[in-house]
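Chains R and S, in that order, are what the protein sequence lines are.
According to my numbering, the first sequence is numbered sequentially starting from 11.
According to my numbering, the second sequence is numbered sequentially starting from 11.
Number of protein chains: 2
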Amino acid sequence: MKTDSRLSGVLHILLHMAEFDEPLTSEALAQMMCTNPVVVRRLLGALRKEGLVSSEKGHGGGWRLAKDLRKVSLYDVYRALEHPKIFAIGNRNETSGCLVERAVNHVMGESFEAAEALLLQRFKEVSLADMSAHVHEHWAEKPDCTKAGQSHQ
Amino acid sequence: MKTDSRLSGVLHILLHMAEFDEPLTSEALAQMMCTNPVVVRRLLGALRKEGLVSSEKGHGGGWRLAKDLRKVSLYDVYRALEHPKIFAIGNRNETSGCLVERAVNHVMGESFEAAEALLLQRFKEVSLADMSAHVHEHWAEKPDCTKAGQSHQ
DNA sequence: AGATTATGTAATTATGAAAGTTACGTAATG
DNA sequence: CATTACGTAACTTTCATAATTACATAATCT
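Given below as structure tokens:
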């Protein structure tokens, strides 16, 4: 399956924005991210609905952080993206009347629910300020830019 | 993303096999599962490598459970499928030198690792016999067969 | 006012992984 | 030796994410 990298991408954008005071254009952000400005606008557009960023048009316009990073958790960002699907593993047939199917779905479902709860709990415990601090602890090299990308495991 | 339903599918197959003493052909299993015999052979072929099932060719041939279901955990089945990818959410760029990227990957990675550990721990605690028992507790209707299928959330 | 710079979005295309299908080889049985 | 089944490679289909194109709208600067 192709993994959804929107959360990773948007966090990357936000932390880069945190390094600047002036608004950054989607063009500039796209270059940092090795992607297309439209992708940036789509992602940040979702965050704007939740008040995490603001945007301005025209000369000197662009995107700005709209909240204290200490008050924004990883979970807030996840939610702003409208709860992306977490698991790559799914049930074969959600609505079957087959009892075997239902038992499988039920038992697996319990495990996935527990794992999801733990994951989201962790997300709530990490603020963007924490992540930004983590960046500065290791600050030495400059950002670089290569394509690729993948999963956890 | 399209969710991977192989684990769900193969569990479905195994629990159906548990209801029969004779070997079942991939043709018969495919019909129960509303899928193609080749798909069944592919899935069960992976399980055979781990000794979970056995197969025989020719007349009267087919697939048989090769282990006591009490001794096979959900994790064993997961592993037999060669550790399918668990998460639909991934890092944008696994190998970037960008420190922001690395911080994002690291922080998110910790949460995902914790969730994965919990999920797999749960998988280890459930045997196929447990799942089979769960089926029999609710045994009343007959298996039925409709297509579709999806995720958790 | 009018040129320029940005965002806002719809529509289209590209990518990649799972799933399904076809085709044919191999082995075991009646 | 015909039939039944597995064993697999190769190909096609499906579908969601990501990237791209195209164009509208709004704000700023000269």
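Every residue gets a Cβ at the ideal spot worked out from N, C-alpha and C, and that includes glycine.
Fair warning: this is a prediction, and the values are worked out from it, not measured in the lab.
Compare the C-alpha of valine 87/S against each of Lys59/S, Trp73/S, Val114/S, Gly107/S and name the closest. Lys59/S
Between Ser36/R, Gly68/R, Glu32/R, Asp14/R, which has its C-alpha nearest isoleucine 23/R's C-alpha? Ser36/R
Nonlocal neighbours in the same chain, by C-beta distance under 7 Å from valine 63/S, ignoring five residues either side: Leu54, Leu57, Trp73, Arg74, Leu75, Ala76
My parser needs the beta strand (DSSP E) runs of 3 or more residues fully inside the segment 43-99 of chain S; what are they? 63-66, 72-75
Alpha carbons only, please: which of Gly61/R, Ser137/R, Gly100/R, Leu34/R is nearest the one belonging to glycine 68/R? Leu34/R
Would you tell me roughly how many angstroms separate the C-alpha atoms of leucine 91/R and glutamate 92/S, rounded to the nearest one? 31 Å
Three or more C-beta pairs under 8 Å: does that hold for the segment 115-134 of chain S against the segment 122-130 of chain R? yes
Among His144/R, Val110/R, Ala38/R, which has the Cα closest to the Cα of glycine 70/R? Ala38/R
Partners in chain S for serine 121/R, counting only beta-carbon separations shorter than 7 Å: Leu129, Arg132, Phe133
Hey, how far is the Cα of leucine 17/S from the Cα of arginine 89/R? 28 Å
Which same chain residues end up closer than 7 Å to arginine 51/R when comparing Cβ atoms and leaving out the 5 residues on each side of it in sequence? Ser36
Find the residues of chain R that neighbour leucine 39/S, judging by a C-beta separation of less than 9 Å, and give them in chain order. Ordered by position in chain R, no residue passes the 9 Å Cβ test against leucine 39/S, which lies about 12 Å from the chain.
Around the Cβ of glycine 61/S, are there at least 16 other Cβ atoms within 10 angstroms (buried) or fewer (exposed)? exposed
For alanine 113/R and chain S, any beta-carbon pair shorter than 9 Å? yes
Quick one: give me the first and last residue of the alpha helix (DSSP H) that asparagine 103/S is part of. No alpha helix (DSSP H) contains asparagine 103/S, which DSSP labels as neither H nor E.
Give me whichever residues DSSP pairs with leucine 34/R in a beta bridge. Trp73/R
Would glutamate 126/R pass as an interface residue toward chain S - the criterion being a Cβ-Cβ separation below 9 Å? yes
Any C-beta of chain R under 9 Å from that of aspartate 140/S: yes
Minimum Cβ-Cβ distance from aspartate 14/S to chain R less than 9 Å: yes
In chain R, which residues lie less than 9 Å from serine 18/S when you measure between Cβ atoms? Ile99, Gly100, Asn101, Arg102, Asn103, Glu111, Val114, Asn115, Met118
So for serine 15/S, helix, strand or coil by DSSP? coil
Give the straight-line distance between the Cα atoms of serine 83/R and lysine 12/S, rounded to the nearest whole angstrom. 28 Å
If the cut is a Cβ gap below 8 Å, which residues of chain S does proline 94/R touch? Ala98, Ile99
Residues bridged to serine 137/S [DSSP beta-bridge criterion]: Ser83/S
Give a yes or no on whether the minimum CB-CB distance between histidine 26/S and chain R is below 9 Å. yes
Which chain R residues sit within Cβ distance under 7 Å of histidine 22/S? Arg102, Val110, Glu111, Val114
Applying the criterion that 16 or more other CB atoms from any shown protein chain within 10 Å of the CB defines a buried residue, is glutamate 151/R buried or exposed? Reliability fails at glutamate 151/R, whose pLDDT of 47 lies under 50, so the model's placement of it is uncertain and no value is given.
Where alanine 28/S falls: helix, strand or coil (DSSP): coil
How about leucine 138/R and arginine 80/R: are their beta carbons less than 9 Å apart? yes
So which of Glu32/S, Asp14/S, Met43/S, Asp31/S has the shortest CA-CA distance to leucine 109/R? Met43/S
Please state if the CB of serine 15/S and the CB of glycine 100/R are separated by a distance shorter than 9 Å. yes
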